[in-house]
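Chemist: This is the structure, below, for whatever I ask next.
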Amino acid sequence: MSEPAETTTAADTPRFRYTAALAGDIERRWQDFWETEGTFDAPNPVGELADASHPRAGAPKLHVQDMFPYPSGSGLHVGHPLGYIGTDSYTRYKRMTGFNVLHPMGFDAFGLPAEQYAVQTGTHPRVTTEANVERYRAQLRRLGLAYDNRRTFSTTDEDYYRWTQWIFLQVFNSWYDPEQRKARPIDELISAFESGARVNPAWATATPVEKRKIIDDHRLAYVSEAPVNWCPGLGTVLANEEVTPDGRSERGNYPVFKRSLKQWMMRITAYGDRLIEDLDALDWPEPVKLMQRNWIGRSQGAHVDFATETGGGTITVFTTRPDTLFGATYMVLAPEHELVATLTAPTWPSGTKDSWTGGHATPAEAVADYRAKAAAKTDEERQADAKEKTGVFTGAFAVNPVNGVRVPVFIADYVLAGYGTGAIMAVPAQDTRDWEFAEAFDLEIIRTVQPTDGWDGGAFTGDGPAINSARTDGDLDLNGLGVADAKARMISWLEARGHGTGATTYRLRDWLFSRQRYWGEPFPIVYDETGLPVPLPDSMLPVALPEVADFAPRTFDPDDADSEPETPLSRAKEWVEVELDLGDGPKRYTRETNTMPQWAGSCWYELRYLDPKNDKVLVDAANEAYWMGPQRPGDTGGVDLYVGGVEHAVLHLLYARFWHKVLFDLGHVSSVEPFRKLFNQGYIQAYAFRDARGIAVPAEEVVERDGAWYHDGEKVTREYGKMGKSLKNVVTPDEMCETYGADTFRVYEMAMGPLDVSRPWDTRAVVGSQRFLQRAWRLVVDEETGAVRISDDAADEKTRRLLHKVIDGVRGDMEELRFNTAIAKLIELTNGLTGLAEPPREAVEPLILMMAPFAPHLAEELWSKLGHTGTLTYADFPVADPALLVADTVTYPIQINGKVRGKIEVPADADEPTVRAAALSEIADHLAGREPRKVIVVKGRMVSVVL
RNA sequence: GCCCGGGUGGUGGAAUGGCAUACACGGCCGCCUUAAAAGCGGCUGCCGAAAGGCAUGCGGGUUCGACCCCCGCCCCGGGCACCA
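Below is the structure:
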């Protein structure tokens, strides 16, 4: 390396001080070096990226990945790279401990903002997106992040989305076999129907088109006419996961309506059980696992059939508490339930209470009125009204199958059409909602579980012995059984008598997979004259996005629920209408004009990093097995460490797991899960300031005086939140690199707290990290002359002990991602060395190696100044000498009744009686002749005396 | 309402049963400087002149000893919310 260019600084700043300018010079040089040398290229076992001569070829592997960013137009602020710097520090450390490290970075570049910008300005989304990606690359490069640059891509690259489309075809060409609990090729289902191995009564007589429909209904990707979330304001439909609990779009906050529309779906529900069960094997934060469990919402219980008296058919309910069936005193259907019309009685039966009729003369009127009111309510209003139970009696009665008792049937909006069967048996004694309804409508309450002593009334949902739960004929008696046993007994009775079956239901719905947008992956699907979908062969991939004049989907008045989606691609007429030869000669086809949701590209990118140049397969089996395969029996495989924000807990992470499992079932990957270990980093937030009018003022211009804040002499108020343009509190990594240098910025971000904790940004405090690096620099370089001032003499005993204590501590911290405490220890070591006239090489070299993960440019520079050639990337991380970790003397604090009253220093190997005697003599004054009641000596720790 | 996570100096944080407040910021004092900045050194939990006392959200408990374990409560952040 060449000597640094002379830095221009104030006249009296020492010429060789580690200033921002010098740091910038060092950083640029090393970034160029790393890039030219391909320093961070990780060798694959096979293929184009294999390299048997690499220092880590064949070494134990480590695959660490960040959730890749969407490259937004405003670039990075200091909060964005927190996780990237964390994984970079960790992987640089692991490289030095012998691992072959894969740490790639890419860009999730399809998505709404580029499209909306395109709509406003007419700029093609590809142009905007590529410019943003270049800006991100430059910003990340400047931070010295050690990526394997051969493995980077954007999801918008044709080479990439070609494989996204290929995976879609895999999903489309599969069905889920519940017996084998896995996806299988659709051809196997067709063969099974043909041979009769699987019985489908309609198959034998079906026409070819009908057979296609039957098959299409089994595919894992399918078109369905079903209620979906239609968002007129965005002009597109949305997945359930993209709709907020108050019924609005997560992006844009527009109203969302339930509309029945023909859309692509993915059968993620088939994987509900496996998605829940396999969570147990993952090393993920518990809250994220819990959110996924809740979202999937598996509940186990039974379907129970209730006969109806009026000939309206059988009402099937789902219940998690079949044990309480003797306490079912009424039933409720969702207002939209299909049996409501046929059930509703012509007149009010005798015994109808006034409160049940809603003031109407006939059940039909009451039902019609209630249904109209319920339909008019938005989800939001429905929730707001949730406290008060409403409903009306249908005039119909059903028969409780367990004891033959007649129970009235109501409709009420507290029962949801979309969950279970849309109908419930109501057991007020054991269900809070049913209790509230029963009180409001004066219905009977029969306890079937004995509440605990002192229960003050209300529904009892806990465990207890069953009561009032026996048939008079002795055929069934649950009394005395606990809830679990009673459930099991009841289910077997229902099954034996044909009244019901054990059952499991899910809250999870199938994944709505099509969007009415331009900037997304086109579907590799065309439609023939039957209107049924036809998959394109692999040879026709990629299906490239066509050029269009107008990128916008048709949007509507956000409240216009009856509007119809219209896709941008449908306007590219010459693209949509196409002649193809799909095996039976050239024919006219119509292309699918929806595009895939933004999640598609991020559903599998962890796999493409493994083998990004491969144009034969998605990922070579040997490369996949090496980087992501299971490491031992029972292991799920997957990325060894995946770092990102908790906001993707159910969206991205659920979809990616689903796709990965399909690919596993079809034999394309050996790992069962995409991400073995997940880590949620915290957020860096910032203070923002507003003046008296409530307008945000530039945060950097605000000064603090006596606990108040002022801007231009005017008092302003402070708030805490995200960094953003509108709050005028954005701080960028570029500014930090300019003012302090990238290494200082990196050290500061890692030192300011644990990686998983959110915290406020404080530019003023960055100088502390710069001072640390300056002190370390000064250990090696004379600031005035630039000469290396290291001594080759042995370190003194004290220095040596400090060094090895720090090595030991830093290794432990690095393994556990405790970067803040690792840096604190490095600062202690540095401070311990700065006092020495000539710092010993023996201690300085390990210090530099240990600093390398956090301040890689500085470390490389000092390493070469100490006479080493090339990079330290693959140098060995220091190892502590165990002999130097045990002290030869130990200081024991002495407590009297829990308060420290003295200290003694004794040889480390002193036995207990010696320590005890020394301690008692030390505190003789405090004892004043009294005999201690008890003396506890904790070896190596302390002495506790009780008076 | 239910389920998670958290509450430690002026600030970010350290300590997972054994000397509470490591490390850093800020503040104060000093060195250097014509001066300022930068840099370097010292002090800095609170009360108190000191001796000493008091401090890890609040109240109890277990223990020789509790920020740490247990019980009850308060506050902050997040998730879910009529899911039968």
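Counting with my numbering, you get residues 26 to 972 for the letters of the first sequence.
For each residue, glycine too, the CB sits at the ideal point set by N, CA and C.
Please read all numbers here as calculations on a predicted model, not as lab measurements.
Is the beta carbon of G420 sitting closer than 8 Å to the one on T369?
Modeler: By one-based count along the first sequence, residue 420 stands at place 395. By one-based count along the first sequence, residue 369 stands at place 344. Yes, Cβ-Cβ distance for G420 and T369 is below 8 Å.
Chemist: Once you ignore the five residues that flank R299 on each side, which residues in its own chain have a CB closer than 8 Å to its CB?
Modeler: Residue mapping note: residue 299 aligns to position 274 of the first sequence, counting from 1. Correct list, in chain order: R206, K686.
Chemist: Pull up the DSSP beta-bridge partners for I919, would you.
Modeler: Residue numbering aside, residue 919 sits at position 894 when the first sequence is read from its first letter. DSSP output for I919 lists G927, V968 as bridge partner(s).
Chemist: In this structure, does DSSP put N639 in helix, strand or coil?
Modeler: Position 614 of the first sequence, counting from 1, holds the residue named residue 639. Correct three-state label for N639: coil.
Chemist: Can you check the region 140-217 for any alpha helix (DSSP H) of at least 4 residues that lies completely inside it and give the ranges in chain order?
Modeler: 150-167, 183-197
Chemist: In the DSSP assignment, find the unbroken beta strand (DSSP E) run with Y735 in it and report its ends.
Modeler: Counting from one through the first sequence, the residue named residue 735 turns up at place 710. Segment 733-736, the beta strand (DSSP E) holding Y735.
Chemist: Can you tell me which of the three DSSP states V262 falls into?
Modeler: Counting from 1 along the first sequence, the entry for residue 262 is found at position 237. Three-state result, V262: strand.
Chemist: With a threshold of 8 Å, are at least 3 pairs of Cβ atoms found where one atom belongs to the region 734-754 and the other to the region 811-829?
Modeler: Verdict: no, contact absent.
Chemist: Assuming A868 and T914 form a contact by the criterion Cβ under 8 Å, report the distance between their Cβ atoms to the nearest whole angstrom.
Modeler: Here residue 868 refers to the residue found at position 843 when the first sequence is read from its first residue. Here residue 914 refers to the residue found at position 889 when the first sequence is read from its first residue. A868 to T914, Cβ: 22 Å. No contact.
Chemist: Which residue spans inside the region 540-581 form an unbroken beta strand (DSSP E) run of at least 3?
Modeler: 550-552, 558-560
Chemist: On a Cα-Cα basis, can you pick out the residue from T769, L798, Q710 that is closest to V755?
Modeler: Here the question's residue 755 lines up with position 730 in the first sequence. Residue Q710 is the option with its Cα nearest to V755.
Chemist: Report yes if the C-beta distance between V971 and R955 is below 8 Å; otherwise report no.
Modeler: On the first sequence, residue 971 is found 946 positions in, with the first residue counted as 1. On the first sequence, residue 955 is found 930 positions in, with the first residue counted as 1. Taking 8 Å as the Cβ cut-off, V971 and R955 do not qualify as a contacting pair.
Chemist: Would you tell me roughly how many angstroms separate the C-alpha atoms of A139 and R151, rounded to the nearest one?
Modeler: Start at 1 with the first residue of the first sequence, and residue 139 comes out as number 114. Start at 1 with the first residue of the first sequence, and residue 151 comes out as number 126. About 8 Å.
Chemist: Report the three-state DSSP secondary structure of M450 (helix, strand or coil).
Modeler: Taking the first sequence and counting its residues from 1, the one referred to as residue 450 is at position 425. Looking at M450 - three-state DSSP - the assignment turns out to be strand.
Chemist: Would you call the region 359-373 and the region 382-402 touching, i.e. three or more CB-CB distances under 8 Å?
Modeler: yes
Chemist: So, does the region 692-700 touch the region 636-652, judging by three or more C-beta pairs under 8 Å?
Modeler: yes
Chemist: With 16 other CB atoms within 10 Å as the buried threshold, where does M291 fall?
Modeler: The residue you call residue 291 lines up with position 266 of the first sequence. Buried, since its Cβ has 16 or more Cβ neighbours within 10 Å.
Chemist: Quick check on DSSP: helix, strand or coil for F683?
Modeler: The residue given as residue 683 occupies position 658 in the first sequence. Of the three classes helix, strand and coil, the one that applies to F683 here is helix, per DSSP.
Chemist: Which runs of the alpha helix (DSSP H) fall wholly inside the region 319-370 and span at least 4 residues, in chain order?
Modeler: 365-368
Chemist: Just reading off the beta strand (DSSP E) that T526 is part of, what are its end residues?
Modeler: As a position in the first sequence, residue 526 is number 501, starting the count at 1. It spans 525-530 - the beta strand (DSSP E) in which T526 sits, taken as one unbroken run.
Chemist: To which residues of the same chain is V183 closer than 8 Å at the C-beta, ignoring the five residues directly before and after it?
Modeler: If you number the first sequence from 1, residue 183 lands on position 158. Before going on, a small fix: residue 183 reads as Glu here, not Val. Non-local beta-carbon contacts of E183 in its own chain, meaning distances under 8 Å to residues more than five positions away in sequence, involve P567, A569 in chain order.
Chemist: So F135 packs on E739, CB below 8 Å; how close in whole Å?
Modeler: The count along the first sequence starts at 1 and reaches residue 135 at position 110. The count along the first sequence starts at 1 and reaches residue 739 at position 714. Going by Cβ atoms, the distance from F135 to E739 rounds to 45 Å, so no, they are not a contact pair.
Chemist: Could you tell me how far apart the beta carbons of E840 and L107 are, in whole angstroms, since I believe they sit closer than 8 Å?
Modeler: Within the first sequence, the letter at position 815 stands for residue 840. Within the first sequence, the letter at position 82 stands for residue 107. 20 Å between Cβ atoms; not a contact.
Chemist: With DSSP as the reference, identify every bridge partner of M291, one or two as the case may be.
Modeler: Start at 1 with the first residue of the first sequence, and residue 291 comes out as number 266. A246, W536.
Chemist: Quick check on DSSP: helix, strand or coil for C256?
Modeler: As a working note, residue 256 is residue 231 in the first sequence. It is a strand residue.
Chemist: Please report the straight-line C-alpha distance between E591 and K287, rounded to a whole angstrom.
Modeler: Mapped onto the first sequence, residue 591 falls at position 566. Mapped onto the first sequence, residue 287 falls at position 262. C-alpha of E591 to C-alpha of K287: approximately 12 Å in a straight line.
Chemist: From the DSSP output, read off the bridge partner residues of P611.
Modeler: For the purposes of this step, residue 611 is identified with residue 586 of the first sequence, where counting begins at 1. According to DSSP, which records beta bridges pairwise, P611 is partnered with D606.
Chemist: Of all the options V668, P433, W802, E461, which has the alpha carbon lying nearest to the alpha carbon of R40?
Modeler: Here residue 40 refers to the residue found at position 15 when the first sequence is read from its first residue. Ranking V668, P433, W802, E461 by Cα distance to R40 puts W802 first.
Chemist: For I110, count neighbouring C-beta atoms within 10 Å of its own C-beta (all shown protein chains included) and say buried if the count is 16 or more, exposed if not.
Modeler: Walking along the first sequence from the start, residue 110 turns up at place 85. Buried, since its Cβ has 16 or more Cβ neighbours within 10 Å.
Chemist: Leaving out five residues on either side along the sequence, give the residues of the same chain with a beta carbon under 6 Å from the beta carbon of S969.
Modeler: One-based indexing of the first sequence puts residue 969 at position 944. Cβ within range, chain order: Q920, I961.
Chemist: Where do the ends of the beta strand (DSSP E) carrying A713 lie?
Modeler: Translated into the one-based positions of the first sequence, residue 713 becomes position 688. Looking at the DSSP string, the run of the beta strand (DSSP E) that includes A713 is 709-715.
Chemist: Tell whether a beta-carbon distance below 8 Å holds between G487 and T189.
Modeler: Along the first sequence, one-based indexing puts residue 487 at 462. Along the first sequence, one-based indexing puts residue 189 at 164. Result no, Cβ atoms of G487 and T189 do not sit closer than 8 Å.
Chemist: How far does the alpha helix (DSSP H) with F466 in it extend, from its first residue to its last?
Modeler: Sequence index remark: in the first sequence, residue 466 carries index 441 (1-based). Run containing F466: 457-466, per the alpha helix (DSSP H) assignment.
Chemist: Within the continuous beta strand (DSSP E) that includes Q90, where are the two ends?
Modeler: Counted from its first residue, the first sequence places residue 90 at position 65. Q90 -> beta strand (DSSP E) spans 86-91.
Chemist: Which of helix, strand or coil does DSSP assign to G284?
Modeler: Numbered from its first residue, the first sequence carries residue 284 at position 259. In the sequence as presented, Gly is not what sits at residue 284; that position holds Arg. In the three-state reduction of the DSSP assignment, R284 falls in the strand class, which pools E and B.
Chemist: By a C-beta neighbour count over all protein chains shown, 10 Å radius and 16 as the cutoff for buried, is R633 buried or exposed?
Modeler: For the purposes of this step, residue 633 is taken as residue 608 along the first sequence, with counting starting at 1. Buried: at least 16 other Cβ atoms inside 10 Å.
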